[in-house]
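Under the numbering used here, think of the first position of the sequence shown as 9, with each following residue one higher. We put the beta carbon where it would ideally sit given N, CA and C, even for glycine. A quick note: this is a predicted structure, and the numbers were derived from the prediction, not measured. See below for the structure under consideration.
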Amino acid sequence: MFRLAFVLSGAFAAPVVLTSENFKSEVLESGKNAFVKFFAPWCGHCKAAKPAWDSLGAEYLDHPNVLIGDVDCTEEKDVCSEQGVSGYPTIKYWVDGEAKSYNGGRSIDQFKKHVEDNLLPKCDVAAPDGCDDQEVAYIERMKSKGVDAAKTELARLEGMKSSAMKPDKKQWLSKRIHILKQM
């Protein structure tokens, strides 16, 4: 019973399941950047990548700018054919609607680095027009404290990267690190 409650709590939230009914609206028309794994359930490499991919999906679940998705090619043959999938897993990403092939590693850290480097919108300290209100306030606060305080804070936050935390807290941690590296 406890195990069922744990699963139902969302602890194992998976990537968005993409089908012929929702692929276009979720990946091509949502305005989000997307990172999508095309797989077959019987594929050994797909099974090996699943834990890291599911963790990534949980971390970016309900993110306003990034979608992590899964397409089961044994069920969604049309989608896979339209996307030129010929082997498993095939991982692609879309930035501003343009598809690109992902050829990086398959660990959670490698997947997260790809999302951070290629899919997340970046806040530029020198031109904060692309920053949200929370980021702008953080930039102002850290500028007022000086360079030494920013370096100390960066070291503290870098040490927290491997800590367990809720996805929204993890995203805010990544944003702050990105900001501090520019100071």
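query                                                                                            : result
Unbroken beta strand (DSSP E) run spanning residue 109, endpoints                                : 106-109
Three-way DSSP call (helix, strand, coil) for residue 42 in this model                           : strand
Three-state secondary structure assigned by DSSP to residue 98                                   : strand
Selection from 25, 72, 31 and 99 that minimises the alpha carbon distance to residue 140         : 72
Residue from 44, 24, 165 and 188 with nearest C-alpha to residue 93                              : 44
The stretch 100-112 in contact with the stretch 143-161 per 3-pair CB rule at 8 Å                : no
Three-way DSSP call (helix, strand, coil) for residue 103 in this model                          : strand
C-alpha distance - residue 91 paired with residue 32, whole-angstrom precision                   : 11 Å
Segment contact flag, the stretch 77-89 with the stretch 114-129, C-beta cutoff 8 Å, min 3 pairs : no
Sheet register partners of residue 74 (DSSP bridge)                                              : 41
Beta-carbon spacing of residue 70, residue 26 below 8 Å                                          : no
Alpha-carbon to alpha-carbon, residue 75 and residue 22                                          : 11 Å
Which of helix, strand or coil DSSP assigns to residue 140                                       : coil
Rounded straight-line distance, which links the Cα of residue 65 to that of residue 24           : 7 Å
Reduced DSSP secondary structure (H/G/I, E/B, other) of residue 93                               : coil
Residues that residue 25 bridges to, as DSSP identifies them                                     : 78
C-beta contact flag for residue 185 and residue 133 at 8 Å                                       : no
Beta-carbon proximity check, residue 127 vs residue 41, cutoff 8 Å                               : yes
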